[in-house]
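Novice:
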Amino acid sequence: MTGRQSLALEALGLQVRYPGSGTSALALDELRVNRGQTLCVLGPSGSGKTTFLDCLAGLVRPDRGSLIVLGQDLSSLGDAARRRFRLTRLGSVSQRFELVPYLTALENVLLPARLRPSRSDRARDLEEARGLLDAMGLTALSRRKPGQLSCGEAQRVAVCRALLGSPELCLADEPTSNLDPAAAGLVLELLLARCEKTGGTLVLTTHDRGLAAAFDLVIDLGEGRRAW
Numbered sequence: 565m566t567g568r569q570s571l572a573l574e575a576l577g578l579q580v581r582y583p584g585s586g587t588s589a590l591a592l593d594e595l596r597v598n599r600g601q602t603l604c605v606l607g608p609s610g611s612g613k614t615t616f617l618d619c620l621a622g623l624v625r626p627d628r629g630s631l632i633v634l635g636q637d638l639s640s641l642g643d644a645a646r647r648r649f650r651l652t653r654l655g656s657v658s659q660r661f662e663l664v665p666y667l668t669a670l671e672n673v674l675l676p677a678r679l680r681p682s683r684s685d686r687a688r689d690l691e692e693a694r695g696l697l698d699a700m701g702l703t704a705l706s707r708r709k710p711g712q713l714s715c716g717e718a719q720r721v722a723v724c725r726a727l728l729g730s731p732e733l734c735l736a737d738e739p740t741s742n743l744d745p746a747a748a749g750l751v752l753e754l755l756l757a758r759c760e761k762t763g764g765t766l767v768l769t770t771h772d773r774g775l776a777a778a779f780d781l782v783i784d785l786g787e788g789r790r791a792w
């Protein structure tokens, strides 16, 4: 792949404003991330980290600028097409985890495969889901529901769900924020290793500047508007 085909995302003059005000929620001059690269997004609360991920997922439309994600101009797609894009090409971890309360940990990890419009190999999905839970040290908890999990355990289940099916782009919003140092290291290692193995692109937000050294690219929305 050459040129734009090799890009996972390209943002130019991106700006998002809070509804009903002129206040900027996100301002990003220029960013290009190649497929297979990893990007760490730093910045304090309110600097636009989550808003940026929501733009990449097609949940928020920028007020200004250009944003191309995996070759798609998401602003040109309707709601149904953007939902399909998220289901088939993205994996995501939110700060709220968004686990389904009546499903077990294993069933939550498998949920993206069940919702995708195209049929998948259920046996293969099950094997992959169990492997991800095992890598996170969660095998013994696979039959528990979210209400029976600690905050850190629920966070790790959400990470497993985001990685199921080897998505082209994985968006992780503060995935280590509720974890002790050992568990945080495990999560980061798995995210980076899986994306390297599958050729996927990882965009991760964090307050922890110590994580930045593990990534190909870093951008600090609190200090600058370009990647370094």
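Residue numbering for the sequence shown follows this note's numbering, beginning at 565 and increasing consecutively. Cβ atoms here follow ideal geometry from the backbone N, Cα and C, with glycine treated the same way.
(1) Report the three-state DSSP secondary structure of threonine 587 (helix, strand or coil).
(2) Would the beta-carbon of proline 665 fall within 9 Å of that of glycine 711?
(3) Determine the DSSP secondary structure at threonine 740, reduced to helix, strand or coil.
(4) Hey, is the segment 713 to 730 in contact with the segment 648 to 668, meaning 3+ C-beta pairs nearer than 8 Å?
(5) Output the distance between the C-alpha atoms of valine 782 and glycine 612, rounded to the nearest integer angstrom.
(6) Taking the alpha carbon of aspartate 737 as the reference point, which residue from Ser570, Leu603 and Leu670 has its own alpha carbon closest?
(7) Ordered along the chain, which non-local residues of its own chain (more than five positions away) have a Cβ less than 8 Å from that of alanine 589?
(8) Between the C-alpha atoms of valine 597 and arginine 686, what's the straight-line distance to the nearest angstrom?
(9) Spatial neighbours of phenylalanine 779 within its chain, please: CB distance less than 7 Å, with the 5 preceding and 5 following residues excluded, ordered by chain position.
(10) How would you label leucine 592, buried or exposed, when you count the other beta carbons within 10 angstroms and need 16 or more for buried?
(11) If we call anything under 9 Å between Cβ atoms a contact, is alanine 699 one with alanine 677?
(12) Going by the CB atoms, is the gap between alanine 575 and leucine 617 shorter than 9 Å?
(13) Quick check: the Cα distance between leucine 667 and serine 706, rounded to an integer number of angstroms?
(14) Would you decide whether aspartate 784 is buried or exposed? Buried here means 16 or more other CB atoms lie within 10 Å of its CB.
(15) Please name the residue in Val751, Glu732, Gly642 and Val624 whose C-alpha comes closest to that of leucine 702.
(16) Which value, in whole angstroms, describes the spacing of the CA atoms of leucine 620 and aspartate 643?
(17) Answer yes or no: the CB of arginine 720 versus the heavy atoms of the ligand SAM, is any distance below 8 Å?
(18) Between which two residues does the beta strand (DSSP E) harbouring alanine 575 extend?
(19) On the three-state DSSP scale, how would you describe arginine 599?
Specialist: Let's see:
(1) coil
(2) yes
(3) coil
(4) yes
(5) 15 Å
(6) Leu603
(7) Val580, Arg581, Tyr582, Gly612 and Thr615
(8) 33 Å
(9) Thr602, Leu603 and Cys604
(10) buried
(11) no
(12) no
(13) 10 Å
(14) buried
(15) Val751
(16) 14 Å
(17) Of ligands this structure carries none, so the ligand SAM is not represented either.
(18) 571 to 581
(19) coil
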